[in-house]
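In full-length UniProt numbering, the protein residues as written are 1 to 231.
For every residue, glycine included, the Cβ atom is placed at its ideal position computed from N, Cα and C.
No experiment lies behind these values; they were computed from the predicted model shown.
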């Protein structure tokens with residue numbers, strides 16, 4: 001990437017939550033490639049922030065190479081999309097395990113692989129949006145936490161492998177964030193969804209933007225973000 005070029009940043013899970021907020025935060029300085037599950041919300045977001053929409057089925061990573069074939073430059077990749085279903089190991093069958101691992105771990109690995117030549121050319125960044133569950137596995141969170149522990153391992157290995165190519169790799173670990181996914185999780189936990197008690201998605205988005213904008217002499221490898229005290 002030359003000094004006069006804007007970075008091109010691909011965001012998965014851009015249709016809502018953190019990804020949606022991130023697109024708005026980055027739009028003034030980045031050209032965006034938006035991917036997500038809700039075509040209507042993506043179209044509305046694209047009309048607001050510009051950029052391109054990239055259709056991806058995260059349950060079918062084998063389709064990614066063809067899906068990205070027509071892309072031009074890609075400077076940064078932010079792996080934000082994810083799914084979560086809770087349940088005890090005794091109750092969660094292989095279909096749920098397979099789905100969670102495919103979307104949360106295998107899809108980021110494969111999308112990274114097929115985009116790495118472009119990111120290397122730009123000496124860009126790969127950012128993984130992980131979770132507190134990527135550091136501690138609580139009862140009922142086995143499958144989700146396993147996918148996030150694996151995502152952490154993927155980031156750590158990639159960071160060491162890609163350092164010689166000038167690619168920087170970071171992981172963000174948000175605490176509970178006021179998103180539709182958090183509402184779903186709270187319903188599974190049998191608790192009330194209180195968005196005012198959680199992180200604002202914009203706060204997490206700004207932290208990701210800070211990681212992407214770090215100067216070349218500063219390698220931000222991990223950021224942990226938790227809801228702060230309320231007045």
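- Contact between residue 86 and residue 185 holds: CB atoms are separated by about 7 Å, below the 8 Å threshold.
- Secondary structure note for residue 204: its alpha helix (DSSP H) is the uninterrupted segment 201-212.
- When the Cα atoms are used, residue 74 and residue 221 turn out to be separated by approximately 20 Å.
- DSSP assignment within the segment 110-192 yields the following whole beta strand (DSSP E) runs of 3 residues or more, N-terminal first: 125-129 and 168-174.
- Take residue 140, set aside five residues on each side of it, and the residues of its chain with a beta-carbon closer than 7 Å to its own are 86, 87 and 88, in chain order.
- Ranked by how close their Cα comes to the Cα of residue 211, the residues 94, 101, 127 and 163 have 127 in first place.
- For residue 10 and residue 91, the gap between their C-alpha atoms comes out near 36 Å.
- Approximately 12 Å separates the beta-carbon atoms of residue 106 and residue 83; this is outside 8 Å, ruling out the contact.
- Under the criterion of beta carbons closer than 8 Å, residue 15 and residue 36 qualify as touching, at roughly 3 Å.
- Close CB contacts of residue 147 within its chain, under the 6 Å cut and outside five residues either way in sequence, are with 100, 101, 104 and 105 (chain order).
- Under the DSSP assignment, residue 92 falls outside any alpha helix (DSSP H); it carries neither an H nor an E label.
- For residue 225, the closest of 18, 12 and 6 by C-alpha to C-alpha distance is 18.
- Going by DSSP, residue 54 is part of no beta strand (DSSP E) at all; its letter is neither H nor E.
- Per DSSP, the unbroken beta strand (DSSP E) holding residue 79 starts and ends at 76-79.
- Cα atoms of residue 134 and residue 219: separation of roughly 21 Å, rounded to the nearest angstrom.
- Between residue 152 and the set 196, 95, 223 and 214, the nearest pair of CA atoms involves 223.
- Burial check for residue 6: the Cβ neighbour count within 10 Å stays below 16, so the residue is exposed.
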